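Each remark here refers to the structure printed beneath this line.
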Amino acid sequence: MTLQKSVKIKRIVFFTLTALWMVAIFLFSAQNGSLSSKTSGGVIQWLLKLFYSDFDSLSIAEKEELIVSWQFFVRKAAHFSAYALLGVLSTLAFDTFKLKRIMYYVLPAVLSVCYAALDEFHQTFVPDRVGYVTDVLIDFAGAAVGISFVGLVLYLWRRQKAKKSCK
21 MTLQKSVKIK RIVFFTLTAL WMVAIFLFSA QNGSLSSKTS GGVIQWLLKL
71 FYSDFDSLSI AEKEELIVSW QFFVRKAAHF SAYALLGVLS TLAFDTFKLK
121 RIMYYVLPAV LSVCYAALDE FHQTFVPDRV GYVTDVLIDF AGAAVGISFV
171 GLVLYLWRRQ KAKKSCK
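Just so we're aligned, residue 21 is where the sequence shown starts under the working numbering, counting upward by one.
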């Protein structure tokens with residue numbers, strides 16, 4: 021397989037994965053308020069069972085209180101991690117082009133923040149959901165971490181590859 025064909029395959033794979041992840045984010049955002057709360061509540065309950073050995077022995081009221089107390093944190097962590105993955109995937113996709121080095125970080129960041137803003141706007145049309153500017157900022161922070169992680173890994177990988185080729 022030629023290098024050019026390999027790059028095209030990587031480009032198709034990473035842009036497809038990026039688009040599919042954007043669809044997944046959209047579908048989560050399209051859940052009405054009660055379904056969204058039920059989804060995050062299920063994740064919280066699973067985490068509490070995993071890390072809190074006495075969770076099953078608590079009363080229903082105590083379980084509900086714990087779940088509610090973790091709701092905000094888990095929802096914001098979901099925003100952060102969803103957009104961190106979007107940052108990773110989009111950075112890998114844009115890395116398949118020959119661009120100025122800074123553009124490998126700027127383009128995924130712009131894509132992520134624009135999508136986050138559109139996603140929050142979209143939520144204003146979903147029953148029992150609200151769009152928050154703070155969520156856009158959390159999303160952008162997650163994307164920035166994902167983009168930075170990929171940038172660091174690619175830098176180290178290319179540096180190692182260059183050292184090997186010099187030998």
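For each residue, glycine too, the CB sits at the ideal point set by N, CA and C. Note that the coordinates shown come from a computational prediction; the quantities given were computed from them, not determined experimentally.
Note on Asp-139: 16 or more other CB atoms within 10 angstroms of its CB, so buried under the neighbour-count rule. The alpha-carbon of Asp-148 is positioned some 56 angstroms away from that of Lys-183. When secondary structure is reduced to three states using DSSP, Ser-79 falls in the coil class, being assigned neither helix nor strand. Out of Tyr-72, Gly-53, Ser-110, the CA that lies nearest to the CA of Trp-41 is found in Ser-110.
The three-state reading of DSSP puts Asp-159 in helix, counting H, G and I together.
Spatial neighbours of Asp-159 in its own chain (CB-CB distance under 6 angstroms, excluding positions within 5 residues in sequence) are listed in chain order as His-99, Tyr-103, Ala-136. Taking the CA atoms as reference points, Phe-169 sits about 31 angstroms from Tyr-72. Per DSSP, Phe-34 is one residue of the alpha helix (DSSP H) stretching across 23 to 49. Excluding its 5 nearest sequence neighbours in each direction, Ile-64 has C-beta neighbours in its own chain below 6 angstroms: Ile-87, Trp-90, Val-94, listed in chain order.
Check the Cα spacing between His-142 and each of Ile-45, Ser-77, Val-130: the tightest is with Ile-45. Burial is judged here by how many other beta carbons sit within 10 angstroms of a residue's own beta carbon; Ser-60 has at least 16 and is buried.
For the pair Leu-106 and Ala-163, the CB atoms are nearer than the 8 angstroms cut-off.
The continuous alpha helix (DSSP H) containing Pro-128 extends over residues 123 to 143. Around the beta carbon of Phe-34, 16 or more other beta carbons sit within 10 angstroms, so the residue counts as buried.
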